[in-house]
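For the sequence shown, this note's numbering begins at 195 and goes up steadily by one. Ideal Cβ positions, reconstructed from N, Cα and C, are used throughout, including at glycine. Below you'll find the structure, written out as structure tokens, and then a few comments.
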Amino acid sequence: MNAIISASDLAKDLTGAHPPVLLDVRWQLTTAKAAGEPPFDGRAAYEAGHLPGAVYVDLDRELASAPGKAGRHPLPDLARFGAVMRRAGVSAGTPVVVYDGGQGWAAARAWWLLRWTGHPDVRVLDGGLPSWEGALEKSVPAPAEGAFVPEPRATGLLDADAAAALARSGVLLDARAGERYRGEVEPIDPVPGHVPGAVSAPTTENVAADGRFLPAGELRARFEGLGVTEGTRVGVYCGSGVSAAHEVLALAAAGIEAELYVGSWSEWSSDPGRPVAVGPDPQ
195 MNAIISASDL AKDLTGAHPP VLLDVRWQLT TAKAAGEPPF DGRAAYEAGH
245 LPGAVYVDLD RELASAPGKA GRHPLPDLAR FGAVMRRAGV SAGTPVVVYD
295 GGQGWAAARA WWLLRWTGHP DVRVLDGGLP SWEGALEKSV PAPAEGAFVP
345 EPRATGLLDA DAAAALARSG VLLDARAGER YRGEVEPIDP VPGHVPGAVS
395 APTTENVAAD GRFLPAGELR ARFEGLGVTE GTRVGVYCGS GVSAAHEVLA
445 LAAAGIEAEL YVGSWSEWSS DPGRPVAVGP DPQ
């Protein structure tokens with residue numbers, strides 16, 4: 195099953211016998227704007243225009259729990275997550291397509307959660323809303339209640355200890371910007387640097403200038419260059435488990451399974467007992 199879908203293929207699927215449920219997960223990490231500008235409001239953006247039939251899902255409130263020691267975007271309460279998905283019309287037998295404003299990070303978080311909790315058919319709209327050439331609508335739909343019940347997989351999720359071990363036994367990719375990995379800047383979390391042994395792999399390098407994913411062959415070549423060979427166990431982390439989900443999606447598009455450290459650097463760096471590496475090398 196492909197992890198991503200083009201806008202043209204989505205348009206065809208929406209007119210087919212089994213159209214997908216559409217989830218709009220527009221979100222931005224940095225809400226601090228220039229003086230006088232309000233923070234980004236995903237729901238307001240949704241209400242101003244969204245794909246026909248799409249249901250809005252709030253990443254901060256519905257795809258994550260409240261920030262704390264487990265990080266800035268810890269896993270959501272799964273009972274609540276299941277209720278949100280059913281409200282949106284999601285059932286295990288219904289395909290789902292998720293999109294955001296184009297960056298792909300928020301959509302990937304929803305994709306990963308649905309995939310990890312057992313949904314068999316979920317994809318991300320490549321390029322997000324900007325790739326859509328059809329009409330938008332402003333009315334808020336009221337889909338029939340879905341029947342999806344989250345059943346987490348036994349694999350696919352890393353905690354801090356497992357991430358530390360994987361950095362030594364396999365490949366742990368750091369999806370943040372290179373300057374954050376190297377410890378040159380840290381605009382959000384309390385300590386700069388990276389998990390010792392992790393490899394710098396900015397998720398921004400998985401996409402072209404238009405925000406669409408690179409072809410699968412180019413993605414495979416990129417990850418091979420980072421040490422991901424056949425049989426390698428792979429994990430990914432970022433700041434708070436959002437952009438890392440996008441890298442897990444890129445790996446899936448390249449035919450590579452990967453695990454996600456959801457707490458990521460926001461959890462790791464909040465524990466003074468965890469070691470920290472700085473500089474360009476994994477260490």
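Item	Value
Nearest-angstrom Cα separation, counted from leucine 366 out to tyrosine 240	35 angstroms
Status (buried if at least 16 other CB within 10 Å, exposed otherwise) for arginine 370	buried
Sufficient close CB pairs (3 or more, under 8 angstroms) joining the segment 388-401 to the segment 428-437	yes
Same chain, Cβ closer than 7 angstroms to tryptophan 310, five either side skipped, listed in chain order	Pro346, Arg347, Gly350 and Leu351
Local conformation of histidine 244 per DSSP, three classes	strand
Separation of arginine 374 from lysine 227, as counted between CA atoms	Any answer about lysine 227 is weak, because its pLDDT of 46 lies below 50 and its placement is not dependable; what the coordinates show is given next. Their backbone Cα atoms lie some 21 angstroms apart in a straight line.
Alanine 201 burial status per 10 Å Cβ neighbour count (16 or more: buried)	buried
Limits of the unbroken alpha helix (DSSP H) element including arginine 153	For the chain, the structure presents residues 195 to 477; residue 153 sits outside this window and is missing.
Three CB pairs or more closer than 8 angstroms across the segment 449-466 and the segment 261-273	yes
C-alpha distance - valine 251 paired with tyrosine 293, whole-angstrom precision	10 angstroms
Residues of its chain near glycine 283, where Cβ-Cβ distance is below 8 angstroms and the 5 sequence neighbours each way are ignored	Val215, Val249, Pro337, Ala338, Glu339 and Gly340
Boundaries (first-last residue) of the beta strand (DSSP E) holding leucine 330	Note, leucine 330: premise wrong, no beta strand (DSSP E); not H, not E.
Inter-residue Cα distance where the pair is alanine 402 and serine 437	16 angstroms
Assigned secondary structure, glutamate 394 (DSSP; H/G/I helix, E/B strand, else coil)	Note on residue identity: the sequence assigns serine, not glutamate, to residue 394. Serine 394: strand per DSSP, three-state reduction.
Coil, strand or helix - leucine 351 by DSSP	strand
Nearest residue (CA-CA) to aspartate 149, options Leu217, Ala205 and Gly377	The shown model of the chain, from 195 to 477, leaves out residue 149, and the question about it has no answer.
Distance, phenylalanine 342 Cα to leucine 272 Cα	11 angstroms
Close-in-space but distant-in-sequence residues of the same chain around serine 479 (CB under 7 angstroms, 5 per side omitted)	Because residue 479 is not part of the residues shown, which for the chain are 195 to 477, the question remains open.
Whole-angstrom distance between leucine 307 and glutamate 256, CA atom to CA atom	11 angstroms
Threonine 209 versus valine 385 - alpha carbon distance	50 angstroms
Simplified DSSP state of glutamate 380, which is helix, strand or coil	coil
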